[in-house]
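Worksheet: the structure to be examined is printed underneath.
In our numbering, the protein residues as written are 221 to 396.
Okay, here's the thing in structure tokens:
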């Protein structure tokens, strides 16, 4: 059993663009959508979402939904080192990997942070019937890949003074 008594299953899913590590929390609940999470660059689902999903008030919500946490390639705990010459998937390819993970799911409500928000947005554009809604936090819609995204964050940090804006979180709810 996982945190707070929920059953957790972890497995790797082979896709056309590589392997994704997936953690399923709970079981599908009738016709309800599954909550799908995708973390930000340099994080994994535990470091990005554990505090949210283990928060006491969140238990009222999660008891009614199954949750699928996706870790980007090589981001899960104890991930093996990529082989020499490994070509990391592009943002578009990372989004294209998700339907393979969700083959047993009718629809999802995605929660994405940073690069994960960008990936889930692309999933919604590619597979609109699969995505019931999105909660997007700190999205960079112009990033073309993880390296571009990271470069824009570093550039932003070094060229702007830190203000209260740096503490703001932008949340978009898009219902399809």
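Here a beta-carbon is modelled for each residue, glycine too, at the ideal position from N, C-alpha and C. From a predicted model like this one, the values you see are computed outputs, not experimental measurements.
What three-state label does DSSP hand residue i in the structure shown?
{"i": "residue 231", "result": "strand"}
{"i": "residue 353", "result": "strand"}
{"i": "residue 277", "result": "helix"}
{"i": "residue 255", "result": "strand"}
{"i": "residue 380", "result": "Legend: pLDDT at residue 380 = 39, less than 50; position of this residue unreliable, value from coordinates given subsequently. Residue 380: coil per DSSP, three-state reduction."}
{"i": "residue 265", "result": "helix"}
{"i": "residue 246", "result": "coil"}
{"i": "residue 359", "result": "coil"}
{"i": "residue 332", "result": "strand"}
Using 8 Å for Cβ pairs, my map puts residue i next to residue j. What's the rounded Cβ distance?
{"i": "residue 272", "j": "residue 330", "result": "That belief does not hold up - the Cβ atoms of residue 272 and residue 330 are roughly 14 Å apart, past 8 Å."}
{"i": "residue 238", "j": "residue 293", "result": "5 Å"}
{"i": "residue 284", "j": "residue 243", "result": "Not really, about 19 Å apart at Cβ, beyond 8 Å."}
{"i": "residue 322", "j": "residue 258", "result": "About 12 Å separates the two Cβ atoms, so there is no contact after all."}
{"i": "residue 336", "j": "residue 260", "result": "6 Å"}
For residue i, which residues of its own chain have a beta-carbon under 6 Å away from its beta-carbon, when the five flanking residues on both sides are left out?
{"i": "residue 291", "result": "241, 264, 265"}
{"i": "residue 253", "result": "327, 328, 329, 352"}
{"i": "residue 296", "result": "241, 264"}
What is the residue span of the alpha helix (DSSP H) that residue i lies within?
{"i": "residue 321", "result": "311-321"}
Below 8 Å CB to CB, which residues in the same chain sit around residue i once its five sequence neighbours on both sides are set aside?
{"i": "residue 227", "result": "221, 245, 246, 247"}
Mind checking which residues open and close the beta strand (DSSP E) that includes residue i?
{"i": "residue 289", "result": "287-291"}
Can you give me the Cβ contacts of residue i inside the same chain, cut-off strictly under 7 Å, excluding the 5 residues immediately before and after it?
{"i": "residue 224", "result": "The predicted position of residue 224 is uncertain, since its pLDDT is 48 and thus under 50; a value taken from the coordinates is nonetheless stated next. Only 274, 279 meet the Cβ criterion."}
{"i": "residue 313", "result": "237"}
{"i": "residue 249", "result": "284, 285, 286"}
Below 8 Å, can you find three or more Cβ-Cβ pairs linking the segment 313-322 to the segment 341-353?
-> yes
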